[in-house]
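Under the working numbering, the residue at position 55 of the sequence shown is numbered 55, and the numbers go up by one with no gaps.
Note that CB positions come from ideal geometry on N, CA and C, so glycine has one too.
Values in this document were obtained by computation on a predicted structure and should not be read as measured data.
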Amino acid sequence: MSGSVFESGQMHRLAVIFLSVNLLMLIGTRALNYYNNQTNLMDLLLSSAIGINFFMALVFYSWLLRFQGFYTESQTQINSLRYMEEALDTMRGERHEFINHLRAMQGLIAEGKGQEATGYLKNVESSTLANGQLLNVNNPYLRSLLKNKKQALLGQGIELTISIKSNLDFFDLQPVAITTIFTNLLDNAAEAAKLANNEVNEVRFEVHEFENYYCFLVIDSGPPIPQETASRIFESGFSTKGDDRGYGLPLVRQALAECRGKVAYDPDTKTFNVIIPKQMPRID
Numbered sequence: 001m002s003g004s005v006f007e008s009g010q011m012h013r014l015a016v017i018f019l020s021v022n023l024l025m026l027i028g029t030r031a032l033n034y035y036n037n038q039t040n041l042m043d044l045l046l047s048s049a050i051g052i053n054f055f056m057a058l059v060f061y062s063w064l065l066r067f068q069g070f071y072t073e074s075q076t077q078i079n080s081l082r083y084m085e086e087a088l089d090t091m092r093g094e095r096h097e098f099i100n101h102l103r104a105m106q107g108l109i110a111e112g113k114g115q116e117a118t119g120y121l122k123n124v125e126s127s128t129l130a131n132g133q134l135l136n137v138n139n140p141y142l143r144s145l146l147k148n149k150k151q152a153l154l155g156q157g158i159e160l161t162i163s164i165k166s167n168l169d170f171f172d173l174q175p176v177a178i179t180t181i182f183t184n185l186l187d188n189a190a191e192a193a194k195l196a197n198n199e200v201n202e203v204r205f206e207v208h209e210f211e212n213y214y215c216f217l218v219i220d221s222g223p224p225i226p227q228e229t230a231s232r233i234f235e236s237g238f239s240t241k242g243d244d245r246g247y248g249l250p251l252v253r254q255a256l257a258e259c260r261g262k263v264a265y266d267p268d269t270k271t272f273n274v275i276i277p278k279q280m281p282r283i284d
């Protein structure tokens, strides 16, 4: 970001220099005409007043550019500090949980339950990897949403498995859109997972990066949506769950349409596919 701000500042400075040179040439020409008796004193004073005002405007404009640069740099530093604080909190939490996990595995091993201890260790490994992936996500709003949703679903007996194959460097949705899209999809997936009555209820969230867009997948362990129902799930007010339902998925589609994204449901894989174009930085 610093590089782009610096390059933008250089372009602004060149524009200011070019305008200043042209203004000085104008004033110089008017002064030369005055001394050659081709213009009067009033014209010269008017040109001088214009020059002074223009100079003051340039000073103010330069100050604004410098302030913009300071503001951008300060915001970058604030975001970095927040990220570091969040990472430290996660590490503290993992340290505390790790001690608890060790005690639990020690108890299982002491009771001769080696197989259960192995399964427990695999679950711990999966959870640790998920936290590590979340720390690599550059968008703080999505990172926070997934972290909170993972804890909330765990309290409902649902395991949220997260697989993120990208840092999401060019993912720049507004926080409201992020909440609307992914909260509705994850909540719907959690409800579907509960219907299956499996030993393990699971919701899977995946992120894949392609050349011009990101692909988000939300998969649940519940039964697939019937074909006749799947064709109507994005209709406003349509729901098989009773009154005052059926508005979440239409809101998801609307939020995605505003950022040129798309959403579709695949009944064969029980997957909601979300496509969001990359937000490439502007080159001034």
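Handout entry: Sequence-distant residues of its chain with Cβ nearer than 7 Å to Pro224 (five each side left out)
Key = Mapped onto the sequence shown, residue 224 falls at position 224. Hits under 7 Å: Pro267 and Lys270.
Handout entry: Limits of the alpha helix (DSSP H) - the one that Glu258 falls within
Key = Sequence index remark: in the sequence shown, residue 258 carries index 258 (1-based). Bounds of any alpha helix (DSSP H) do not take in Glu258, whose DSSP letter is neither H nor E.
Exercise for the section: Could you check the C-alpha separation between Tyr120 and Met105 for me, to the nearest Å? Expected result: Working through the sequence shown from its first residue, we reach residue 120 at position 120. Working through the sequence shown from its first residue, we reach residue 105 at position 105. Rounded to the nearest whole angstrom, the C-alpha separation of Tyr120 and Met105 is 7 Å.
Handout entry: Proximity to Asn212 [Cα-Cα], best of Leu160, Asn197, Gln151 and Phe170
Key = Mapped onto the sequence shown, residue 212 falls at position 212. It is Phe170 whose Cα lies nearest to the Cα of Asn212.
Handout entry: Counterpart residues of Pro277 in DSSP-defined beta bridges
Key = Here residue 277 corresponds to residue number 277 of the sequence shown, with the count starting at 1. Per DSSP, the beta bridge partners of Pro277 are Tyr213.
Handout entry: Glu206 (DSSP reduced to helix, strand or coil)
Key = In the sequence shown, residue 206 corresponds to position 206, counting from 1. Assignment of Glu206 by DSSP, reduced to helix, strand and coil, places it in the strand class.
Problem - Touching by the beta-carbon criterion (3+ pairs, under 8 Å), the segment 200-215 and the segment 157-173 - result: With a cut-off of 8 Å, the segment 157-173 and the segment 200-215 count as touching, because enough Cβ pairs lie within range.
Handout entry: Residue range of the alpha helix (DSSP H) that includes Glu228
Key = For the purposes of this step, residue 228 is identified with residue 228 of the sequence shown, where counting begins at 1. Judged by DSSP secondary structure, Glu228 falls within the alpha helix (DSSP H) whose first and last residues are Gln227 to Ala230.
Exercise for the section: Compare the beta carbon distance of Val252 and Ile181 with 9 Å and say whether it is the shorter of the two. Expected result: Taking the sequence shown and counting its residues from 1, one reaches residue 252 at position 252. Taking the sequence shown and counting its residues from 1, one reaches residue 181 at position 181. Yes.
Practice task
With DSSP collapsed to three states, give me the class of Val218.
Solution key: By one-based count along the sequence shown, residue 218 stands at place 218. Three-state DSSP puts Val218 in a strand.
Exercise for the section: Using a threshold of 9 Å, state whether the C-beta atoms of Ala190 and Gln151 are closer than that. Expected result: Residue 190 sits at position 190 when you count from the first residue of the sequence shown. Residue 151 sits at position 151 when you count from the first residue of the sequence shown. Contact flag unset, no.
Exercise for the section: Whole angstroms is fine: what's the gap from Lys194's alpha carbon to Val274's? Expected result: For the purposes of this step, residue 194 is identified with residue 194 of the sequence shown, where counting begins at 1. For the purposes of this step, residue 274 is identified with residue 274 of the sequence shown, where counting begins at 1. Spanning the two alpha carbons is a distance of roughly 23 Å.
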